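Participant: Read in order, the letters of the sequence shown are residues -18 to -1, 1 to 303 in mature numbering (1 follows the signal peptide of the UniProt record, and there is no 0).
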Amino acid sequence: MISLIFLFFLSVSFTSNGQFYDESKNYEGSSDLVNLEYHMGPVISSPETSLYIIWYGRWTPTHQSTIRDFIYSVSSPARYPSVYDWWKTVMLYRDQTGSNITRTLVLSGEFHDSTYSHGSHLSRFSVQSIIRTAVANKLPLNALNGLYLVLTSDDVEMQEFCRAICGFHYFTFSTVVGATVPYVWVGNSRKQCPEMCAYPFAQPKPFPGSGFVSREKMKPPNGEVGVDGMISVIAHELAEVSSNPMLNGWYGGEDAMAPTEIADLCLGVYGSGGGGGYMGIVYKDRWRSVYNVNGVRGRKYLIQWVWDLTRNRCFGPNAMN
(Lines of atoms letter the chains of each structure in order from A and count residues from 1; the text may use other names and numbers.)
(Lines give C-alpha, C1' and ligand atoms only; values in the text may rest on other atoms or scores of the structure.)
Protein backbone atom coordinates (compact mmCIF):
# COMPACT_ATOMS: atom_id res chain seq x y z
CA MET A 1 0.00 0.00 0.00
CA ILE A 2 1.23 3.46 -0.75
CA SER A 3 0.56 5.61 2.25
CA LEU A 4 0.92 9.24 3.08
CA ILE A 5 2.52 11.37 3.59
CA PHE A 6 5.81 11.52 1.72
CA LEU A 7 6.21 15.23 1.30
CA PHE A 8 9.87 15.48 0.48
CA PHE A 9 11.28 18.81 -0.66
CA LEU A 10 13.61 17.71 -3.41
CA SER A 11 17.04 19.20 -3.87
CA VAL A 12 17.79 18.94 -7.57
CA SER A 13 19.85 20.81 -10.10
CA PHE A 14 20.42 20.42 -13.84
CA THR A 15 23.38 18.60 -15.27
CA SER A 16 24.84 19.50 -18.63
CA ASN A 17 23.26 16.45 -20.29
CA GLY A 18 19.75 17.56 -19.45
CA GLN A 19 19.18 15.33 -16.45
CA PHE A 20 18.02 16.34 -13.02
CA TYR A 21 20.66 15.55 -10.46
CA ASP A 22 20.08 15.49 -6.76
CA GLU A 23 22.87 16.51 -4.47
CA SER A 24 22.26 13.97 -1.74
CA LYS A 25 24.59 11.09 -1.09
CA ASN A 26 23.75 7.78 -2.68
CA TYR A 27 21.14 6.46 -0.25
CA GLU A 28 18.92 4.57 -2.69
CA GLY A 29 16.70 3.24 0.06
CA SER A 30 17.42 1.47 3.29
CA SER A 31 16.11 -1.62 5.04
CA ASP A 32 17.94 -0.88 8.29
CA LEU A 33 14.66 -0.38 10.14
CA VAL A 34 12.48 -2.93 8.36
CA ASN A 35 13.61 -6.39 7.23
CA LEU A 36 11.83 -7.68 4.15
CA GLU A 37 10.78 -11.29 4.72
CA TYR A 38 8.93 -14.02 2.88
CA HIS A 39 5.95 -15.41 4.83
CA MET A 40 5.36 -18.53 2.70
CA GLY A 41 2.25 -17.25 0.92
CA PRO A 42 1.63 -17.01 -2.83
CA VAL A 43 2.80 -14.45 -5.34
CA ILE A 44 0.96 -13.72 -8.58
CA SER A 45 2.88 -16.26 -10.61
CA SER A 46 0.68 -17.25 -13.55
CA PRO A 47 2.73 -17.24 -16.76
CA GLU A 48 0.09 -14.84 -18.07
CA THR A 49 -2.03 -12.71 -15.75
CA SER A 50 -5.32 -11.24 -16.96
CA LEU A 51 -5.79 -7.66 -15.77
CA TYR A 52 -9.25 -6.08 -15.77
CA ILE A 53 -9.74 -2.31 -15.46
CA ILE A 54 -12.84 -0.83 -13.88
CA TRP A 55 -13.18 2.84 -14.80
CA TYR A 56 -15.34 4.30 -12.04
CA GLY A 57 -16.75 7.77 -12.68
CA ARG A 58 -16.00 10.11 -15.59
CA TRP A 59 -12.96 9.46 -17.74
CA THR A 60 -11.71 11.02 -20.96
CA PRO A 61 -10.41 8.83 -23.79
CA THR A 62 -7.04 10.60 -23.54
CA HIS A 63 -6.61 9.76 -19.87
CA GLN A 64 -7.70 6.18 -20.43
CA SER A 65 -5.25 5.80 -23.30
CA THR A 66 -2.34 7.04 -21.18
CA ILE A 67 -3.10 4.49 -18.46
CA ARG A 68 -3.74 1.64 -20.89
CA ASP A 69 -0.39 2.29 -22.55
CA PHE A 70 1.29 2.00 -19.17
CA ILE A 71 -0.34 -1.39 -18.61
CA TYR A 72 0.77 -2.51 -22.09
CA SER A 73 4.29 -1.25 -21.30
CA VAL A 74 4.71 -3.63 -18.33
CA SER A 75 5.01 -6.62 -20.66
CA SER A 76 6.11 -4.98 -23.91
CA PRO A 77 9.74 -4.05 -24.58
CA ALA A 78 10.39 -0.39 -25.33
CA ARG A 79 13.39 1.89 -25.56
CA TYR A 80 15.75 1.34 -22.62
CA PRO A 81 15.25 2.19 -19.78
CA SER A 82 11.68 0.97 -19.99
CA VAL A 83 8.70 -0.01 -17.86
CA TYR A 84 9.34 -3.56 -19.08
CA ASP A 85 12.88 -3.39 -17.67
CA TRP A 86 11.52 -2.00 -14.39
CA TRP A 87 9.13 -4.98 -14.08
CA LYS A 88 12.09 -7.38 -14.31
CA THR A 89 13.06 -6.34 -10.76
CA VAL A 90 9.55 -7.20 -9.56
CA MET A 91 9.82 -10.58 -11.29
CA LEU A 92 12.75 -11.54 -9.07
CA TYR A 93 10.31 -12.40 -6.27
CA ARG A 94 9.10 -16.00 -6.06
CA ASP A 95 6.97 -18.24 -3.88
CA GLN A 96 7.86 -21.39 -1.94
CA THR A 97 7.43 -23.51 -5.08
CA GLY A 98 10.10 -21.47 -6.87
CA SER A 99 7.61 -19.75 -9.17
CA ASN A 100 8.51 -16.16 -10.02
CA ILE A 101 6.08 -13.29 -10.35
CA THR A 102 4.24 -13.24 -13.65
CA ARG A 103 6.12 -12.07 -16.73
CA THR A 104 3.06 -11.03 -18.70
CA LEU A 105 0.15 -8.77 -17.79
CA VAL A 106 -2.59 -8.86 -20.40
CA LEU A 107 -5.35 -6.24 -20.43
CA SER A 108 -8.23 -8.69 -20.76
CA GLY A 109 -11.31 -6.57 -20.15
CA GLU A 110 -12.68 -3.18 -19.12
CA PHE A 111 -15.86 -1.98 -17.47
CA HIS A 112 -17.03 1.65 -17.50
CA ASP A 113 -19.04 2.50 -14.39
CA SER A 114 -19.93 6.02 -15.50
CA THR A 115 -23.15 6.07 -13.44
CA TYR A 116 -21.26 5.95 -10.12
CA SER A 117 -23.21 2.80 -9.17
CA HIS A 118 -22.04 3.00 -5.55
CA GLY A 119 -22.00 6.77 -5.21
CA SER A 120 -19.20 9.31 -5.22
CA HIS A 121 -18.23 8.79 -1.57
CA LEU A 122 -16.66 5.37 -1.14
CA SER A 123 -15.30 3.27 1.68
CA ARG A 124 -12.43 0.85 1.23
CA PHE A 125 -14.82 -2.07 1.48
CA SER A 126 -17.12 -0.66 -1.22
CA VAL A 127 -14.41 -1.34 -3.81
CA GLN A 128 -15.40 -5.00 -3.57
CA SER A 129 -18.99 -4.07 -4.36
CA ILE A 130 -17.78 -2.12 -7.39
CA ILE A 131 -15.99 -5.25 -8.61
CA ARG A 132 -19.14 -7.30 -7.99
CA THR A 133 -21.16 -4.85 -10.11
CA ALA A 134 -18.60 -5.04 -12.93
CA VAL A 135 -18.63 -8.83 -12.84
CA ALA A 136 -22.43 -8.94 -12.81
CA ASN A 137 -22.60 -6.71 -15.89
CA LYS A 138 -19.63 -7.51 -18.09
CA LEU A 139 -16.31 -8.67 -16.66
CA PRO A 140 -15.53 -12.34 -16.05
CA LEU A 141 -14.87 -13.47 -12.48
CA ASN A 142 -11.40 -14.88 -13.04
CA ALA A 143 -10.24 -16.66 -9.89
CA LEU A 144 -7.51 -18.54 -11.77
CA ASN A 145 -5.25 -15.75 -13.02
CA GLY A 146 -7.27 -12.52 -12.72
CA LEU A 147 -6.21 -9.18 -11.24
CA TYR A 148 -8.67 -6.28 -10.97
CA LEU A 149 -7.69 -2.61 -11.15
CA VAL A 150 -10.31 -0.15 -9.88
CA LEU A 151 -9.62 3.45 -10.89
CA THR A 152 -11.78 6.31 -9.59
CA SER A 153 -12.11 9.69 -11.29
CA ASP A 154 -11.07 12.97 -9.72
CA ASP A 155 -14.56 13.74 -8.37
CA VAL A 156 -14.82 10.52 -6.33
CA GLU A 157 -13.91 10.59 -2.65
CA MET A 158 -12.43 7.50 -0.99
CA GLN A 159 -12.13 6.75 2.70
CA GLU A 160 -8.69 7.97 3.89
CA PHE A 161 -7.76 9.19 0.40
CA CYS A 162 -5.37 12.15 0.68
CA ARG A 163 -5.23 11.77 4.46
CA ALA A 164 -3.57 8.36 4.70
CA ILE A 165 -3.50 6.67 1.28
CA CYS A 166 -3.04 7.28 -2.44
CA GLY A 167 -3.80 3.69 -3.39
CA PHE A 168 -4.09 0.24 -1.88
CA HIS A 169 -4.38 -3.44 -2.76
CA TYR A 170 -6.31 -6.26 -1.14
CA PHE A 171 -8.35 -9.33 -2.12
CA THR A 172 -12.08 -9.85 -2.50
CA PHE A 173 -14.23 -11.91 -0.17
CA SER A 174 -16.05 -14.80 -1.83
CA THR A 175 -19.19 -13.86 0.12
CA VAL A 176 -19.21 -10.49 -1.65
CA VAL A 177 -17.85 -11.12 -5.13
CA GLY A 178 -18.13 -14.88 -5.46
CA ALA A 179 -14.43 -15.71 -5.36
CA THR A 180 -11.18 -14.55 -3.82
CA VAL A 181 -9.29 -12.42 -6.32
CA PRO A 182 -6.58 -9.77 -5.81
CA TYR A 183 -7.35 -6.17 -6.66
CA VAL A 184 -5.86 -2.67 -6.65
CA TRP A 185 -7.56 0.68 -6.11
CA VAL A 186 -6.04 4.01 -7.18
CA GLY A 187 -7.75 7.41 -7.27
CA ASN A 188 -7.16 10.48 -9.40
CA SER A 189 -5.97 13.17 -6.99
CA ARG A 190 -6.08 16.11 -9.42
CA LYS A 191 -8.85 18.00 -7.62
CA GLN A 192 -8.41 16.70 -4.09
CA CYS A 193 -4.73 16.45 -3.21
CA PRO A 194 -2.30 16.54 -6.13
CA GLU A 195 0.44 17.83 -3.82
CA MET A 196 0.11 14.58 -1.86
CA CYS A 197 -0.62 11.87 -4.44
CA ALA A 198 0.71 13.44 -7.66
CA TYR A 199 3.99 14.62 -6.18
CA PRO A 200 6.40 15.82 -7.58
CA PHE A 201 4.20 17.12 -10.40
CA ALA A 202 2.33 19.22 -7.84
CA GLN A 203 4.16 20.85 -4.97
CA PRO A 204 2.94 21.54 -1.42
CA LYS A 205 1.99 25.13 -0.77
CA PRO A 206 4.28 26.98 1.64
CA PHE A 207 3.02 27.32 5.17
CA PRO A 208 2.07 30.89 6.16
CA GLY A 209 4.91 32.58 7.96
CA SER A 210 7.29 29.68 7.40
CA GLY A 211 9.57 31.58 5.06
CA PHE A 212 9.53 28.59 2.72
CA VAL A 213 9.50 29.44 -0.97
CA SER A 214 7.83 26.82 -3.15
CA ARG A 215 9.88 25.63 -6.12
CA GLU A 216 8.43 25.37 -9.58
CA LYS A 217 6.58 22.08 -9.99
CA MET A 218 7.95 19.41 -12.29
CA LYS A 219 6.19 18.93 -15.60
CA PRO A 220 4.38 15.57 -15.97
CA PRO A 221 5.51 13.47 -18.95
CA ASN A 222 2.00 12.94 -20.35
CA GLY A 223 0.72 16.41 -19.62
CA GLU A 224 -1.77 15.59 -16.88
CA VAL A 225 -0.84 15.95 -13.21
CA GLY A 226 -3.58 13.66 -11.90
CA VAL A 227 -3.11 10.86 -14.41
CA ASP A 228 0.68 10.92 -14.36
CA GLY A 229 0.51 10.85 -10.57
CA MET A 230 -1.89 7.89 -10.73
CA ILE A 231 0.49 5.92 -12.93
CA SER A 232 3.26 6.09 -10.35
CA VAL A 233 0.82 4.85 -7.71
CA ILE A 234 -0.48 2.12 -10.05
CA ALA A 235 3.11 0.92 -10.59
CA HIS A 236 3.69 0.91 -6.83
CA GLU A 237 0.54 -1.12 -6.17
CA LEU A 238 1.06 -3.58 -9.04
CA ALA A 239 4.49 -4.43 -7.64
CA GLU A 240 3.08 -4.98 -4.18
CA VAL A 241 -0.07 -6.89 -5.06
CA SER A 242 2.05 -9.21 -7.21
CA SER A 243 4.49 -9.96 -4.39
CA ASN A 244 1.94 -9.98 -1.55
CA PRO A 245 -1.55 -10.68 -2.96
CA MET A 246 -2.98 -12.41 0.12
CA LEU A 247 -0.99 -10.42 2.72
CA ASN A 248 1.16 -13.44 3.55
CA GLY A 249 3.84 -13.09 0.90
CA TRP A 250 6.75 -10.64 0.81
CA TYR A 251 6.68 -7.83 3.38
CA GLY A 252 8.44 -6.42 6.41
CA GLY A 253 7.15 -5.53 9.84
CA GLU A 254 5.10 -7.39 12.42
CA ASP A 255 1.60 -6.48 11.24
CA ALA A 256 0.35 -8.22 8.08
CA MET A 257 -2.52 -5.71 7.90
CA ALA A 258 -0.07 -2.79 7.80
CA PRO A 259 2.92 -4.29 6.00
CA THR A 260 5.98 -2.58 4.60
CA GLU A 261 6.14 -4.00 1.10
CA ILE A 262 8.65 -4.02 -1.75
CA ALA A 263 7.70 -0.58 -3.04
CA ASP A 264 7.18 0.96 0.40
CA LEU A 265 10.88 0.42 1.07
CA CYS A 266 11.66 2.71 -1.86
CA LEU A 267 9.04 5.40 -1.34
CA GLY A 268 10.13 8.56 -3.12
CA VAL A 269 13.13 6.97 -4.89
CA TYR A 270 13.10 7.42 -8.67
CA GLY A 271 16.77 7.37 -9.59
CA SER A 272 20.37 6.99 -8.47
CA GLY A 273 21.18 9.05 -5.41
CA GLY A 274 17.59 8.90 -4.23
CA GLY A 275 16.56 8.38 -0.65
CA GLY A 276 16.44 10.40 2.53
CA GLY A 277 14.05 12.86 0.91
CA TYR A 278 15.72 13.05 -2.53
CA MET A 279 14.20 11.57 -5.67
CA GLY A 280 17.49 10.85 -7.44
CA ILE A 281 18.66 11.31 -11.00
CA VAL A 282 15.85 11.37 -13.54
CA TYR A 283 15.51 12.62 -17.11
CA LYS A 284 13.78 15.49 -18.82
CA ASP A 285 12.75 15.61 -22.45
CA ARG A 286 12.85 18.53 -24.86
CA TRP A 287 9.53 19.78 -23.47
CA ARG A 288 11.11 19.73 -19.99
CA SER A 289 8.83 16.91 -18.84
CA VAL A 290 10.31 14.71 -16.12
CA TYR A 291 10.50 10.91 -16.51
CA ASN A 292 12.67 7.90 -15.70
CA VAL A 293 11.34 5.10 -17.96
CA ASN A 294 10.02 4.70 -21.49
CA GLY A 295 6.85 2.89 -22.56
CA VAL A 296 5.10 1.75 -25.69
CA ARG A 297 4.05 4.22 -28.39
CA GLY A 298 6.83 6.60 -27.34
CA ARG A 299 5.31 7.16 -23.90
CA LYS A 300 7.38 8.32 -20.94
CA TYR A 301 6.60 7.75 -17.28
CA LEU A 302 7.96 8.65 -13.86
CA ILE A 303 7.55 5.60 -11.63
CA GLN A 304 9.07 4.69 -8.32
CA TRP A 305 11.82 2.13 -7.85
CA VAL A 306 11.26 -1.13 -5.94
CA TRP A 307 13.43 -3.22 -3.66
CA ASP A 308 15.85 -5.46 -5.57
CA LEU A 309 16.44 -8.82 -3.86
CA THR A 310 19.75 -9.48 -5.61
CA ARG A 311 21.26 -6.05 -4.99
CA ASN A 312 19.69 -5.59 -1.55
CA ARG A 313 18.73 -2.01 -2.34
CA CYS A 314 16.21 0.01 -4.30
CA PHE A 315 16.77 -0.27 -8.02
CA GLY A 316 15.37 0.78 -11.37
CA PRO A 317 16.55 0.46 -14.97
CA ASN A 318 17.64 4.11 -15.04
CA ALA A 319 20.23 3.42 -12.32
CA MET A 320 23.66 4.91 -12.94
CA ASN A 321 25.44 2.01 -11.21
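We put the beta carbon where it would ideally sit given N, CA and C, even for glycine. None of these values were measured; they are calculated from a predicted model.
On a Cα-Cα basis, can you pick out the residue from V264, C175, F155 that is closest to G211?
Facilitator: Along the sequence shown, read from residue 1 onward, the residue named residue 211 stands at position 229. Looking at the Cα atoms, C175 is the closest of the given residues.
Participant: Do you know offhand how far S47's Cα is from R279's?
Facilitator: One-based indexing of the sequence shown puts residue 47 at position 65. One-based indexing of the sequence shown puts residue 279 at position 297. Those two C-alpha atoms are separated by around 11 angstroms.
Participant: Note down the Cα distance separating R281 from V109, rounded to an integer number of angstroms.
Facilitator: As a first step, residue 281 is located in the sequence shown; it is residue number 299 there, counting from the start. As a first step, residue 109 is located in the sequence shown; it is residue number 127 there, counting from the start. Spanning the two alpha carbons is a distance of roughly 29 angstroms.
Participant: Between the Cα of L133 and the Cα atoms of N124, H151, A118, which residue gives the shortest distance?
Facilitator: Indexing the sequence shown from 1 puts residue 133 at position 151. With distances taken between Cα atoms, L133 lies closest to H151.
Participant: Rounded to whole angstroms, what is the Cα-Cα separation between G255 and L74?
Facilitator: Along the sequence shown, read from residue 1 onward, the residue named residue 255 stands at position 273. Along the sequence shown, read from residue 1 onward, the residue named residue 74 stands at position 92. When rounded, the distance between both Cα atoms is 23 angstroms.
Participant: Which stretch, first to last residue, makes up the alpha helix (DSSP H) that contains F52?
Facilitator: For the purposes of this step, residue 52 is identified with residue 70 of the sequence shown, where counting begins at 1. Taken as a continuous stretch (DSSP letters only), the alpha helix (DSSP H) holding F52 covers 43 to 56.
Participant: How should T292 be labelled, buried or exposed, when 16 other C-beta atoms within 10 angstroms of its C-beta is the threshold for buried?
Facilitator: Translated into the one-based positions of the sequence shown, residue 292 becomes position 310. Answer is exposed; the Cβ neighbour count stays below 16.
Participant: Taking M66 as part of the alpha helix (DSSP H), name the residues at either end of that continuous run.
Facilitator: Within the sequence shown, residue 66 is the residue found at index 84, counting from 1. According to the sequence displayed, residue 66 carries Tyr and not Met. From DSSP, the alpha helix (DSSP H) with Y66 extends over 65 to 72.
Participant: What residues in its chain sit with their C-beta under 6 angstroms from that of R61, if we drop five residues either side in the sequence?
Facilitator: The residue you call residue 61 lines up with position 79 of the sequence shown. For R61, where only same-chain residues beyond five positions count, the Cβ hits under 6 angstroms are N276.
Participant: Is it the case that the stretch 232 to 251 contacts the stretch 17 to 24, given that we only count it when at least three CB pairs across the two stretches are under 8 angstroms?
Facilitator: yes
Participant: Go through the stretch 133 to 217 residue by residue and report every complete run of the beta strand (DSSP E) that reaches 3 residues or more, in order.
Facilitator: 147 to 153, 164 to 169
Participant: Between which two residues does the beta strand (DSSP E) harbouring V264 extend?
Facilitator: Along the sequence shown, read from residue 1 onward, the residue named residue 264 stands at position 282. Here the beta strand (DSSP E) through V264 covers 264 to 266.
Participant: Count the other C-beta atoms from every protein chain shown that fall within 10 angstroms of the C-beta of W269, then say buried if there are 16 or more, exposed otherwise.
Facilitator: For the purposes of this step, residue 269 is taken as residue 287 along the sequence shown, with counting starting at 1. When all chains shown are included, W269 counts as exposed.
Participant: Does the distance from the CB of L87 to the CB of T31 come in under 8 angstroms?
Facilitator: As a first step, residue 87 must be located in the sequence shown, where it is residue number 105. As a first step, residue 31 must be located in the sequence shown, where it is residue number 49. Closer than 8 angstroms, so yes.
Participant: I need the straight-line Cα distance from T97 to G39, nearest angstrom please.
Facilitator: Start at 1 with the first residue of the sequence shown, and residue 97 comes out as number 115. Start at 1 with the first residue of the sequence shown, and residue 39 comes out as number 57. Computed Cα separation, rounded: 7 angstroms.
Participant: Out of Y130, K70, W287, which has the shortest C-alpha to C-alpha gap to E92?
Facilitator: Here residue 92 corresponds to residue number 110 of the sequence shown, with the count starting at 1. Answer by Cα proximity: Y130.
Participant: Check each candidate in D290, G257, V215 and name the one with the smallest Cα separation from C148.
Facilitator: The sequence position of residue 148 within the sequence shown is 166, counting from 1. Selected option, being the one with the closest Cα: V215.
Participant: Where does D95 sit, in a helix, a strand or coil, going by DSSP?
Facilitator: By one-based count along the sequence shown, residue 95 stands at place 113. The answer is strand: DSSP assigns D95 an E or B state.
Participant: Might you give, ordered along the chain, the residues of its own chain that have their beta carbon closer than 6 angstroms to the beta carbon of S105, omitting 5 neighbours on each side?
Facilitator: On the sequence shown, position 123 is the one that residue 105 refers to. Closer than 6 angstroms at the Cβ level, and outside the excluded window around S105, lie Q141.
Participant: Identify the residues that DSSP records as bridge partners of K282: which are they?
Facilitator: If you number the sequence shown from 1, residue 282 lands on position 300. Per DSSP, N276.
Participant: Which same chain residues end up closer than 6 angstroms to V209 when comparing Cβ atoms and leaving out the 5 residues on each side of it in sequence?
Facilitator: The residue you call residue 209 lines up with position 227 of the sequence shown. Contacts found: H45, T48.
Participant: Who does R76 pair with in a DSSP beta bridge?
Facilitator: Residue 76 sits at position 94 when you count from the first residue of the sequence shown. The partner list for R76 (beta bridge, DSSP) reads N82.
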